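Per UniProt numbering, residue 1 is the first one in the sequence shown, and the count goes up by one each step. Note that the Cβ used here is the ideal one computed from N, Cα and C, for glycine as well. Nothing here was measured: the structure is a model prediction, and the numbers come from that model.
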Amino acid sequence: DIVRGRDLFLGNPEEQKQKDKLDKNLREMFGNVYREMKDKEGAKTRYKDTENYYELREDWWDANRETIWEAMTCNDNLRSSAYFRASCDGTQGPSVAQKQCRCDTKRGRGKGVKADKVNIVPTYFDYVPQFLR
């Protein structure tokens, strides 16, 4: 939601300052991406918002979401994070996802939807509006 510019959580004023700083940095980064690609065919007609780059952010997330989710769920540095662990590779936690592993390369990464071959993003809730999650 933050990358896509759709984070609705208001929080306290101190958090808002951090969020504003993050959003400014994201606008700057996506502005750099836009400047590098704006002369490519179709870019100017597709990306008309040159202030916040919402379309570019959305396209970037569509192109990179699987890689981002894999990094967050399979990274050993995050192994102790209760939010992302206890999947089929673990044996503890309330959400053990048997036969739904996204980290095990033996399972045929991205090869389909059969239970033993699932390797997709763990959730598509990022497309559900926050107030409905």
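I need the straight-line Cα distance from residue i to residue j, nearest angstrom please.
i	j	result
residue 169	D49	This structure cannot settle anything about residue 169, because the visible part of the chain is limited to 1 through 133.
V47	K24	As written in the sequence, residue 47 is Tyr, which differs from the Val given in the question. Roughly 18 angstroms between the two C-alpha positions.
G108	Q16	Reliability fails at G108, whose pLDDT of 43 lies under 50, so the model's placement of it is uncertain and no value is given.
D20	G42	30 angstroms
P13	I68	29 angstroms
M37	D62	17 angstroms
E70	R57	19 angstroms
N32	M72	25 angstroms
T45	N77	41 angstroms
E66	Q18	27 angstroms
V118	L22	Below a pLDDT of 50, predicted positions are generally treated as unreliable, and V118, at 47, falls in that range; the measurement from the model is reported next regardless. Taking the straight line from one Cα to the other gives about 34 angstroms.
What residue from the options has the CA that sits closest to residue i's CA?
i	options	result
E55	K17, Y34, M72, D23	Y34
D59	L22, E14, E36, F30	F30
Whole-angstrom Cβ separation of residue i and residue j, contact assumed at under 8 angstroms?
i	j	result
R27	N64	18 angstroms between Cβ atoms; not a contact.
At which residues does the alpha helix (DSSP H) containing residue i begin and terminate?
i	result
Y34	13-37
T45	43-46
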